[in-house]
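Residue numbers (the numbering used here): 24 to 97.
See the structure below:
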């Protein structure tokens, strides 16, 4: 997928980001992105915990354990 992306391309992209946002804004941008990612992860965890509490008998389905059923017997 990213076969054509190498070090020179990454450096060019980073250079453009520095030019667009400036050196002073980059730490704020990174901090804000980190906060947003932490909030997103915590919301995902809470959602998963609520799902488990809502249906305690529900188990994860193991695809290898599921038997195949043919509809040809009809």
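In this text, a Cβ means the ideal position worked out from N, Cα and C, and glycines have one as well.
For residue i, count the other beta carbons within 10 Å of its own beta carbon; 16 or more makes it buried, fewer makes it exposed. Which is it?
i: residue 97; result: Per-residue confidence for residue 97 stands at a pLDDT of 49, beneath the threshold of 50, marking its modelled position as unreliable; no derived number is given.
Return the Cβ separation of residue i and residue j in integer angstroms, given the expectation that the two are a contact with Cβ distance under 8 Å.
i: residue 101; j: residue 49; result: No answer is possible for residue 101: the residues shown for the chain start at 24 and end at 97.
Would you kindly check if the distance between the Cβ of residue j and the Cβ of residue i is under 9 Å?
i: residue 44; j: residue 52; result: yes
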